[in-house]
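Below is one structure, written out as structure tokens; the observations come after it.
Here's what the structure looks like:
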């Protein structure tokens with residue numbers, strides 16, 4: 005670093021601002037460079053690399069928003085099919101038609117496949133079940149680059165042996181109603197407080213991850229209340245949390261700890277091979293409501309089709325842990341105009 | 006389906022360690038982006054795109070001041086990811102940019118909330134910058150550092166900084182004044198405030 009004689013003595017606030025501007029510009033540019041460098045790698049493995057949306061904002065690969073967001077926004081996002089009694093027993097046999105908005109991608113490495121997730125490269129990448137009967141000339145709106153062709157469409161077909169066989173002509177994405185998460189605080193009485201001082205999912209929450217009784221937390225921005233769930237000693241946990249903030253907080257009992265949910269998730273992810281036809285492309289904990297409306301956290305698992313085979317496979321590994329299956333493709337009414345997600349919102353618990 | 010639990014965050018952190026050996030975790034995180042909430046429609050996507058385009062540079066700069074360029078890169082992306090997943094709620098907030106900053110900040114461990122000149126490559130090649138300045142900047146309290154970085158380093162106005170940090174413009178000015186005093190003392194320069 006240069007050190008001009010008497011530099012400091014010549015400094016005015018304007019010069020100080022100039023120097024701060026130089027440092028800031030350099031540091032911000034380095035931050036940008038770090039993100040751009042991470043995006044050059046086609047395989048995503050760190051948090052920065054997986055940030056499709058943030059990357060699009062940087063103007064680097066805006067197309068991914070067009071794919072990832074469009075692929076499963078509310079007109080096509082995976083809907084929730086959960087519980088032992090909501091699945092058509094014949095699902096997965098090839099007799100039931102499934103439909104959903106999906107990204108279809110064909111590359112030099114594989115034929116047309118159904119994407120559960122799209123990697124943030126250009127052209128995008130994905131791997132998934134093969135689509136039988138696909139014809140790019142029969143659709144509109146696809147994109148192509150470097151030997152890869154992709155697009156988002158509403159597909160209907162039968163699901164068997166790990167592949168989707170089209171039974172109806174694909175169309176553009178269709179609107180599909182989606183269930184929304186209820187973030188309403190379950191506490192009717194809250195202590196007085198100024199509100200706004202607690203970082204959502206912030207320091208308080210971060211310190212709770214190691215607590216075996218901790219179930220999870222969420223922010224209700226309507227009421228401005230941070231909510232926490234514990235499987236035991238709720239009063240003690242409430243006192244401990246209230247001692248750390250002046251905000252009103254809600255602490256309630258929940259049946260399953262985060263540790264148990266994550267352990268079940270680990271078990272599921274550790275399975276080295278799955279039966280043909282079971283495609284799991286995501287899992288994590290999520291806020292849910294039990295049959296009485298009480299909040300609880302469950303293990304959410306994204307699959308292509310929530311058929312009985314998939315459900316039984318999941319239950320064989322995770323035991324009694326409450327879970328929900330989110331299916332990319334859901335049963336549609338036969339021989340009628342596609343009714344996307346027709347069975348998608350009938351929710352029961354998998355426990 | 007939304008992944009609201011802290012477990013999703015913890016899994017993401019695990020994925021950083023496990024890398025490509027855990028494709029399911031990667032897929033989970035991609036899914037988080039793609040599952041916009043019910044009823045958002047085009048308005049939700051378009052609205053979020055506009056929001057992100059506006060606030061991403063602002064959040065990034067503030068986080069660079071808070072925790073350095075490398076941490077800021079991840080934290081910015083994480084915060085926008087969170088906003089995307091919760092867009093139906095975030096968009097209704099009075100100060101969504103401030104909320105996103107708070108989310109990002111809350112996810113940076115305290116020990117990482119520092120601005121270390123040693124983490125900024127090529128800092129010594131910037132011409133005509135007082136050698137001690139970056140170190141003095143790093144030594145400032147968090148609020149002072151972020152405020153002076155944004156106002157004097159990035160030419161923001163007080164209200165703009167206040168919006169992101171969730172504090173009043175007058176507080177921003179106070180933090181800046183104190184930071185400048187500290188920097189002047191450190192550089193042993195006299196106060197020559199420009200008009």
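Residue numbers (the working numbering), protein chains in the order written: chain D, 5 to 355; chain Z, 6 to 200. Here a beta-carbon is modelled for each residue, glycine too, at the ideal position from N, C-alpha and C.
Member of the options whose CA lies at the smallest distance from the CA of residue i
i                      : options                    : result
residue 224 of chain D : Z:189, Z:93, Z:81, Z:149   : Z:93
residue 179 of chain D : D:188, D:172, D:159, D:116 : D:159
residue 288 of chain D : D:299, D:303, D:298        : D:303
residue 221 of chain D : D:102, D:310, D:314, D:300 : D:300
residue 157 of chain Z : D:228, D:23, D:104         : D:23
residue 65 of chain Z  : Z:175, Z:190, Z:170        : Z:170
residue 132 of chain D : D:150, D:314, D:117        : D:117
residue 270 of chain D : D:193, D:296, D:250, D:322 : D:322
residue 425 of chain D : D:138, D:257, D:295, D:163 : Outside the shown range of chain D, which is 5 to 355, sits residue 425 of chain D, and nothing can be said about it.
residue 260 of chain D : D:242, D:229, D:147, D:298 : D:298
residue 147 of chain D : D:173, D:111, D:311        : D:111
residue 293 of chain D : D:19, D:326, D:243, D:310  : D:326
residue 133 of chain Z : D:318, D:189, D:27, D:36   : D:27
residue 77 of chain Z  : D:119, D:31, D:102         : D:31
residue 305 of chain D : D:295, D:268, D:296, D:338 : D:268
residue 160 of chain Z : D:318, D:317, D:309, D:18  : D:18
residue 129 of chain D : D:231, D:108, D:145        : D:108
residue 291 of chain D : D:233, D:253, D:252        : D:233
residue 124 of chain Z : Z:144, Z:74, Z:173, Z:115  : Z:74
residue 175 of chain D : D:167, D:194, D:143        : D:143
residue 146 of chain Z : Z:58, Z:54, Z:187, Z:60    : Z:187
residue 244 of chain Z : D:103, D:173, D:186, D:34  : For residue 244 of chain Z there is no data in the structure shown, the boundaries of chain Z being 6 and 200.
residue 134 of chain D : D:140, D:145, D:119        : D:119
residue 191 of chain Z : Z:137, Z:56, Z:57, Z:91    : Z:137
residue 251 of chain D : D:258, D:230, D:275, D:266 : D:230
residue 139 of chain Z : Z:189, Z:62, Z:61, Z:177   : Z:189
residue 320 of chain D : D:272, D:337, D:296, D:190 : D:272
residue 128 of chain Z : D:338, D:265, D:25         : D:25
Cβ shell of residue i (< 8 Å), same chain only, five flanking positions each side left out
i                      : result
residue 182 of chain Z : none
residue 72 of chain Z  : 80, 113, 117, 118, 119, 120
residue 262 of chain D : 213, 218, 219, 220, 289, 301
residue 168 of chain Z : 100, 102, 103
residue 145 of chain D : 155, 156, 157, 176
residue 107 of chain Z : 171
residue 32 of chain Z  : Here residue 32 of chain Z scores only 30 on pLDDT, less than 50, and its place in the model is too uncertain to base an answer on.
Segment limits, alpha helix (DSSP H) that includes residue i
i                      : result
residue 149 of chain Z : 147-153
residue 275 of chain D : It is not in any alpha helix (DSSP H) - residue 275 of chain D carries neither H nor E in the DSSP assignment.
residue 92 of chain Z  : 92-95
residue 164 of chain Z : 163-170
residue 238 of chain D : 238-246
residue 177 of chain Z : 174-192
Sequence-distant residues of its chain with Cβ nearer than 7 Å to residue i (five each side left out)
i                      : result
residue 237 of chain D : 217
residue 21 of chain D  : none
residue 247 of chain D : none
residue 83 of chain Z  : 109, 112
residue 185 of chain Z : 153
residue 255 of chain D : 232, 234, 238, 241, 242, 245
residue 169 of chain D : 136, 137, 161, 162
residue 174 of chain Z : 163, 164, 167
residue 38 of chain Z  : Below a pLDDT of 50, predicted positions are generally treated as unreliable, and residue 38 of chain Z, at 33, falls in that range; the measurement from the model is reported next regardless. Cβ within range, chain order: 86, 89.
residue 135 of chain Z : 192
Residue span of the beta strand (DSSP E) that contains residue i, given as start and end
i                      : result
residue 357 of chain D : This structure leaves residue 357 of chain D out entirely; chain D is present only between 5 and 355.
residue 119 of chain D : 117-119
residue 317 of chain D : It is not in any beta strand (DSSP E) - residue 317 of chain D instead sits in the alpha helix (DSSP H) that spans 312-322.
residue 335 of chain D : 327-335
residue 306 of chain D : 299-309
residue 230 of chain D : 229-234
residue 224 of chain D : 218-224
Chain-order list of residues whose beta-carbon lies under 6 Å from that of residue i (same chain, five-residue window excluded)
i                      : result
residue 47 of chain D  : Any reading at residue 47 of chain D must be qualified, since the residue scores a pLDDT of 25, below 50, and its modelled position is unreliable; the value itself is stated next. For residue 47 of chain D, where only same-chain residues beyond five positions count, there are no Cβ hits under 6 Å.
residue 212 of chain D : 218
residue 127 of chain D : 149, 150, 152
residue 194 of chain Z : none
residue 88 of chain Z  : 95, 105
residue 314 of chain D : 282, 307
residue 69 of chain Z  : 77
residue 138 of chain D : 116
Residue i: CB within 6 Å of a non-hydrogen atom of the ligand GTP
i                      : result
residue 189 of chain D : Here there are no bound small molecules, and the ligand GTP is not part of this structure.
Using a Cβ-Cβ cutoff of 9 Å, what residues of the segment 150-169 of chain Z are near chain D? List them in chain order.
Within the segment 150-169 of chain Z, the qualifying residues are 153, 154, 155, 156, 157, 158, 159, 160.
Output needed in chain order: residues of the segment 20-41 of chain D with a Cβ under 7 Å from some Cβ in chain Z.
From the segment 20-41 of chain D, only 20, 21, 23, 24, 25, 26, 27, 28, 30, 31, 32, 34, 35, 38, 39 have a Cβ closer than 7 Å to chain Z.
Using a Cβ-Cβ cut-off of less than 9 Å, list which residues of the segment 129-150 of chain Z approach chain D; keep chain order.
Only 129, 130, 131, 132, 133, 134, 135, 136, 137, 138, 139, 142 from the segment 129-150 of chain Z bring a Cβ to less than 9 Å from some Cβ of chain D.
Suppose only complete runs of 4+ residues qualify. What are the alpha helix (DSSP H) ranges in the segment 102-146 of chain Z, listed by chain order?
For the segment 102-146 of chain Z, the continuous alpha helix (DSSP H) assignments of 4+ residues that do not extend past its boundaries occur at 138-144, in sequence order.
Give me the subset of the segment 103-132 of chain Z whose CB atoms are less than 9 Å from a CB atom of chain D, sorted by chain position.
Listed in sequence order: 104, 107, 108, 110, 111, 112, 114, 115, 120, 122, 124, 125, 126, 127, 128, 129, 130, 131, 132.
Could you list the residues in the segment 138-170 of chain D with a C-beta less than 9 Å from some C-beta on chain Z, going in chain order?
Result list empty, no residue passes.
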